[in-house]
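To start, the structure under review is shown below, and the notes come after it.
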Amino acid sequence: MTNLQRKRKVNWKRVVLLAAIPVVLIAGGFGAYKIFFQDPYAQYTAYNEDSKQSGSMKHETKDEESYYLSVYYPSYGEDVLDAAIQQYTAGIKTDLKQNSKIIISVDYDSADIFDSYTSITFHQKLYDENGKVLKDEATSFNYDKKAKKMMSVQDVLRRDYISLVRSLAGNANIDEKTITTANLANFSMDEKSVSFYLNNDFDKKITVNYADHKEYIAMTNKNIPSLYQQDEIVPAAQAKIDPDKPMVAFTFDDGPSDLTTQLMDAFDKYDAKATFFMVGPNVERRSDVVADMYKRGFELGNHTWSHAVELTRLSKDELYTEIYKTQDAIFKACGKDAAFLRAPYGSYNEDVLKASTMAHAFWSIDTEDWKNRNTDAVKNEILANLHDGAIILEHDLYGTSVEAAIEMLPILKEKGYQVVTLSTLMKYKGDTLSKYNFVTPSLYE
Ligand code: ZN
């Protein structure tokens, strides 16, 4: 055997052994790396892959002296929603007094509710260094994609919704007396139900199924059971307001009537708005006028069902019927609830304010149009008492009243007055209106 031949005879055993050396070294090194450098927070940075049905997921971690934070959150490319989420994630911190380092782990669930709404619930867990759970909290954000605004409980549930949620509290072992509007701020929605996390507690949850309580559902989408299960009406935008110029609100009670459309046509010509305090039977009779009213950006008001007696003389049940039977008729007509209540004869007390989810609206210029039935008399009454922030009371049942309002529009324009809804007046002149009880907030809870 020549040297050459010897070289050619390969010792395969040796090759395998030599090749194994780097493998063993790498594996061993990796093992050592794992022992010495493993992320001690790995178990707190896990997330649920199945619970994210909308938005694109982002992840941030922060390692500070007093805490470690891992937060997952969604991003939508929607300014209002992204800003709300941003504010939440930026504000996460712990105020628990601990001697050792805290670990904060935040994951989320997100869902789109048909093409109308987005619901996000953050699940924030706080641990001590030994992995013991110190806090387990839910924080939700709900967004109306069409209106481009964040939603409150009153955008989801309507009517005397507190009574409904209290009636379901027992199923969740929750004391119904603890339920108020304030602790229903935190809720998550899906396509079938809404769940409230009482006092932000992840484990104290009351669920309302839409189909079981459709008269309480305030959302308008043809897929969601409600008294108005149709496509949502998107109202016309309000005219641009100059806060430095004076403004007044016309309010028309007891209608709608056959004159109401004519009145709205004239107001539209002047870019003017008004608020209509309607009685239930007239709403049912002219539901198309009510839908048109809402679509054109006029404001809806509730003036009870029968208008027969003063609300202050009614039992609690009778009071609820007077208010909510009319509220249901308005919602059925257009998918929107009245924004204010005006008690017949302006007769209200604490019981009325407690029963109504709406603020109570009084007036500051009473034209007595129902008595005088005279166009000039109505106009003179308005002109004699005209002031910035005035709430003018008329009735759209009488030709003389409607005529007087229409004739006032160019006069008010000439004087530099903006003619606005009661909500707009509240927004800019709220302090004065509240001070003199022209508008009194609801005590409902
Ligand atoms: Zn009236």
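Numbering-wise (this note's numbering), the sequence shown opens with residue 809 and increments by one.
Note that CB positions come from ideal geometry on N, CA and C, so glycine has one too.
Go through its chain and collect everything with a Cβ distance to residue i's Cβ below 7 Å, but skip five positions before and after it.
i	result
glutamate 1253	Ile970, Thr988 and Thr989
tyrosine 881	Lys866, Ile893, Thr897 and Tyr916
According to DSSP, is residue i helix, strand or coil?
i	result
glutamine 861	coil
isoleucine 1219	helix
glutamate 1253	coil
phenylalanine 1148	strand
histidine 931	strand
isoleucine 1138	helix
valine 1056	strand
threonine 810	Residue placement at threonine 810 cannot be trusted, given a pLDDT of 46 that sits under 50; what the coordinates show is reported in the next sentence. Threonine 810 falls in the coil class under three-state DSSP.
glutamine 1046	coil
phenylalanine 1246	coil
methionine 1227	Just to set this straight, residue 1227 is valine in the shown sequence, not methionine. Note: valine 1227 maps to strand in three-state DSSP.
leucine 1256	What is shown of the chain runs 809 to 1253, which leaves residue 1256 out entirely.
alanine 919	strand
asparagine 1017	strand
lysine 957	strand
valine 1097	helix
asparagine 950	strand
glycine 1238	helix
alanine 1080	coil
alanine 1169	strand
To the nearest angstrom, report how far apart residue i and residue j are at their CA atoms.
i	j	result
glutamate 937	tyrosine 852	11 Å
glutamate 873	asparagine 994	31 Å
tyrosine 1005	lysine 860	19 Å
leucine 889	asparagine 950	8 Å
lysine 1103	leucine 976	35 Å
threonine 1052	tyrosine 1225	The sequence given here places aspartate at residue 1052; threonine does not occur at that position. C-alpha separation (whole angstroms): 10 Å.
aspartate 1011	aspartate 944	8 Å
aspartate 1196	histidine 1168	20 Å
serine 1250	isoleucine 1173	22 Å
lysine 1243	lysine 1237	10 Å
histidine 1115	leucine 1127	11 Å
serine 878	glutamate 1107	46 Å
serine 948	phenylalanine 1170	36 Å
asparagine 979	threonine 1134	31 Å
Which same chain residues end up closer than 8 Å to residue i when comparing Cβ atoms and leaving out the 5 residues on each side of it in sequence?
i	result
glutamate 1215	Thr1183 and Lys1187
lysine 1000	Asn1017, Tyr1018 and Ala1019
leucine 972	Leu965, Val1016, His1021 and Tyr1024
valine 941	Lys933, Leu934 and Tyr935
leucine 1241	Gly1197, Ile1199, Leu1233, Met1234 and Val1247
Which residue wins for smallest C-alpha separation from residue i, given the options the options?
i	options	result
histidine 1021	Leu1035, Lys1133 and Ala980	Leu1035
valine 1002	Glu984, Asp983 and Asp963	Asp963
alanine 1211	Ser1231, Leu1071 and Gln1226	Before going further, note that residue 1211 is glutamate rather than alanine in the sequence given. Nearest C-alpha to glutamate 1211: Leu1071.
proline 848	Lys901, Gly863, Ile910 and Met865	Ile910
asparagine 1008	Asp1136, Gln932 and Gly863	Gln932
asparagine 1157	Leu1220, Lys1223, Lys1124 and Gly1143	Lys1124
aspartate 923	Lys956, Gly939, Ala946 and Ile912	Lys956
aspartate 1076	Thr1229, Leu992 and Thr1248	Thr1229
glycine 1091	Tyr1132, Leu1161 and Tyr925	Checking the sequence shown, residue 1091 turns out to be valine, not glycine. Measuring from the Cα of valine 1091, the nearest candidate turns out to be Tyr1132.
phenylalanine 1085	His1111, Asp1096, Ser1065 and Lys870	His1111
valine 1097	Leu1191, Thr926 and Asp1073	Asp1073
If I measure Cβ to Cβ from residue i and keep anything under 6 Å in the same chain, skipping five residues before and after, which residues do I get?
i	result
leucine 1067	Asp1204 and Val1210
threonine 810	Caution is warranted here: a pLDDT of 46 is assigned to threonine 810, below 50, making its placement in the model unreliable, and the coordinate value is therefore given only provisionally. Within the same chain, threonine 810 has no close Cβ partners at all.
Please look up how many angstroms separate the CB atoms of residue i and residue j, rounded, as I've assumed it's under 8 Å.
i	j	result
serine 883	serine 918	So it is not a contact: roughly 11 Å between Cβ atoms.
tyrosine 1153	aspartate 1177	That belief does not hold up - the Cβ atoms of tyrosine 1153 and aspartate 1177 are roughly 15 Å apart, past 8 Å.
cysteine 1142	isoleucine 1041	6 Å
threonine 1069	phenylalanine 1148	About 22 Å separates the two Cβ atoms, so there is no contact after all.
glutamine 1046	lysine 1081	7 Å
Below 6 Å, is the gap between the Cβ of residue i and the nearest heavy atom of ligand 2?
i	result
proline 1043	Inclusion of ligand 2 in the displayed structure is not the case, the ligand content consisting of ligand 1 alone.
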